[in-house]
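Participant:
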Ligand code: KG4
Ligand code: ZN
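Numbering (this note's numbering), first residue to last: 4 to 348.
1) Can residue 143 be considered in contact with the ligand ZN, in the sense that its beta carbon sits closer than 7 Å to one or more heavy atoms?
2) Can you find a heavy atom of the ligand KG4 that lies under 7 Å from the Cβ of residue 286?
3) Going by the CB atoms, is the gap between residue 306 and residue 125 shorter than 8 Å?
4) In this structure, how does DSSP classify residue 10 when only helix, strand and coil are distinguished?
5) Would a C-beta distance cut-off of 8 Å place residue 18 and residue 27 closer than the cut-off?
6) Could you check if residue 77 belongs to the surroundings of the ligand KG4, using beta carbon to heavy atom distance under 7 Å?
7) Distance check for residue 229 and residue 235, CA to CA, integer angstroms please.
8) Could you give the DSSP three-state label for residue 81: helix, strand or coil?
9) In the structure shown, what three-state DSSP assignment does residue 142 receive?
10) Residue 109 and residue 137 - do their beta-carbons sit closer together than 8 Å?
11) Mapping DSSP to helix, strand and coil, what is residue 200?
12) On a Cα-Cα basis, can you pick out the residue from 332, 185, 246, 98 that is closest to residue 231?
13) Pull the bridge partners of residue 280 from the DSSP assignment, please.
14) If you follow the alpha helix (DSSP H) that residue 28 is part of, which residue opens it and which one closes it?
15) Per DSSP, residue 113 is paired with what?
16) Express the C-alpha separation of residue 275 and residue 260 in angstroms, rounding to a whole number.
17) Out of 179, 33, 310, 103, point me to the one whose CA is closest to residue 240's CA.
18) Report back the beta-carbon spacing between residue 181 and residue 284 to the nearest angstrom; my notes put them in contact at under 8 Å.
19) Suppose contacts are defined by Cβ-Cβ distances below 8 Å. Is residue 119 in contact with residue 150 by that definition?
20) What is the rounded straight-line gap between the Cα of residue 129 and the Cα of residue 227?
21) With a cut-off of 8 Å on the beta carbons, I'd call residue 321 and residue 8 a contact; round off their distance for me.
22) Following the continuous beta strand (DSSP E) through residue 250, name the residue where it begins and the one where it ends.
23) Consider the C-beta atom of residue 114 and the heavy atoms of the ligand ZN; say whether any pair is separated by less than 7 Å.
24) How would you label residue 10, buried or exposed, when you count the other beta carbons within 10 angstroms and need 16 or more for buried?
25) Quick one: what's got a C-beta closer than 6 Å to residue 139's C-beta in the same chain, skipping five residues either side?
26) Under three-state DSSP, which class holds residue 2?
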């Protein structure tokens, strides 16, 4: 079964062709990050305008790369939430148009579910190699969720961020440290040169909960930067190279520790057999390394390119839904605040 997966929930215009939910025939991502860089963050209006002009060329490229035409496609899958309203609308409405003109089934996919199913694109086979339940940590610019995957397509939300998402915290910290956007990769790069010389930043914890909170950590960074005299920058003079590397390291360690602490607790509480990491922050090499050191059940982490937003993960998730039948969801709406699974009481 060949599925065309379309993803436009944030600032990447992406399309991919996936065979049987596991095999990537093509995976095209048109990144807008250069466009948003100059504003230090994502501007929603620019994001939707870019999706509008890029989506059809990206879909054509995905078909060309897969050496297919629309006749070879069995179904179209598109992210319908969560995400930026305007960005989602371009993807959903374009997918509806393609579905009607090509006469193909159409299915809407939850973006968070897509991040989880990235793990099926690497040949990991978490279901047969480890088995359910699986704890999934999805950490990106827009969300930080701990999800229990009880079986295929069956989820329970264990924890979420109460304020900033982990990626958002990286992006904000990078701004304080005078680094570029997106902040996560910049902070990771700087951390590699650090010598762990400054005292640690706090690791906020919510009592008796698997929820996260990162805004206090960001405030702690700002207060320390103010007392060290490099923030706000005066006459364009920001932190020294030493300060940038040491603060980057301290900040990254704090975020990584919070993510690992709650993931480990979730594994213990649910007696899970494996962990899946997804979302842009899962591309972080320190998180990947430390998670493997601290948690002693199998950890499945897709390559960085499949952790950040892409169409392949949408095509993969769709396959597992389509096994139960081919819908035609032409009445689908974009749902910007869509969640995954129900919260256990
Ligand atoms: O999943 P994603 O591509 O888009 C969203 O759905 O948000 O995630 C983007 C986020 C950004 O906040 C970026 O700073 C963060 O992921 N990110 C990283 C790394 N690469 C991307 N954070 C930490 N370390 C990285 N290597
Ligand atoms: Zn994402």
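Ideal placement from N, C-alpha and C gives every residue a C-beta, glycine not left out.
All values derive from a computational prediction rather than experimental measurement.
Facilitator: Quick look at the numbers:
1) Along the chain shown, read from residue 1 onward, the residue named residue 143 stands at position 140. Residue 143 Cβ: within cutoff of the ligand ZN.
2) Counting from 1 along the chain shown, the entry for residue 286 is found at position 283. The answer is yes for residue 286.
3) Numbered from 1 along the chain shown, position 122 holds the residue referred to as residue 125. Numbered from 1 along the chain shown, position 303 holds the residue referred to as residue 306. Yes.
4) Within the chain shown, numbered from 1, the residue matching residue 10 stands at position 7. In the structure shown, residue 10 sits in a strand (DSSP, three-state: E or B).
5) Stepping through the chain shown from its first residue, residue 18 is reached at position 15. Stepping through the chain shown from its first residue, residue 27 is reached at position 24. Not a contact, by the Cβ cut-off of 8 Å.
6) Residue 77 sits at position 74 when you count from the first residue of the chain shown. No, the ligand KG4 has no heavy atom inside 7 Å of this Cβ.
7) As a working note, residue 235 is residue 232 in the chain shown. As a working note, residue 229 is residue 226 in the chain shown. Computed Cα separation, rounded: 7 Å.
8) Within the chain shown, numbered from 1, the residue matching residue 81 stands at position 78. In the structure shown, residue 81 sits in a strand (DSSP, three-state: E or B).
9) Counting from 1 along the chain shown, the entry for residue 142 is found at position 139. Reduced to three states, the DSSP call for residue 142 is strand.
10) Locating residue 137 in the chain shown gives position 134, counting from the first residue. Locating residue 109 in the chain shown gives position 106, counting from the first residue. Not in contact: residue 137 and residue 109 (Cβ atoms no closer than 8 Å).
11) Looking up residue 200 in the chain shown gives position 197. Residue 200: coil per DSSP, three-state reduction.
12) Locating residue 231 in the chain shown gives position 228, where the first residue counts as 1. That would be 246, whose Cα lies nearest to the Cα of residue 231.
13) Looking up residue 280 in the chain shown gives position 277. Answer is 140.
14) By one-based count along the chain shown, residue 28 stands at place 25. Run containing residue 28: none in the alpha helix (DSSP H); it sits in the beta strand (DSSP E), 26-34.
15) To locate residue 113, count along the chain shown from 1; it is residue 110. Partner(s): 84.
16) Here residue 260 refers to the residue found at position 257 of the chain shown. Here residue 275 refers to the residue found at position 272 of the chain shown. Rounded to the nearest angstrom, the two C-alpha atoms are 20 Å apart.
17) As a working mapping, residue 240 is identified with position 237 in the chain shown. The candidate whose alpha carbon is nearest that of residue 240 is 179.
18) Counted from its first residue, the chain shown places residue 181 at position 178. Counted from its first residue, the chain shown places residue 284 at position 281. About 21 Å separates the two Cβ atoms, so there is no contact after all.
19) Here the question's residue 119 lines up with position 116 in the chain shown. Here the question's residue 150 lines up with position 147 in the chain shown. Closer than 8 Å, so yes.
20) Taking the chain shown and counting its residues from 1, one reaches residue 129 at position 126. Taking the chain shown and counting its residues from 1, one reaches residue 227 at position 224. About 42 Å.
21) Position 318 of the chain shown, counting from 1, holds the residue named residue 321. Position 5 of the chain shown, counting from 1, holds the residue named residue 8. Right, the Cβ-Cβ distance comes to about 6 Å (below 8 Å), so this counts as a contact.
22) The residue labelled residue 250 in the question sits at position 247 within the chain shown. Segment 244-273 is the alpha helix (DSSP H) holding residue 250; no beta strand (DSSP E) there.
23) For this step, residue 114 is matched to residue 111 along the chain shown. Answer for residue 114: yes, Cβ within range of the ligand ZN.
24) What you label residue 10 is simply residue 7 of the chain shown in a count that begins at 1. So residue 10 ends up on the buried side.
25) Numbered from 1 along the chain shown, position 136 holds the residue referred to as residue 139. Taken in chain order, the residues that qualify are 119, 150, 152, 279.
26) Given that the chain is displayed from residue 4 to residue 348, the structure contains no residue 2 and the question cannot be resolved.
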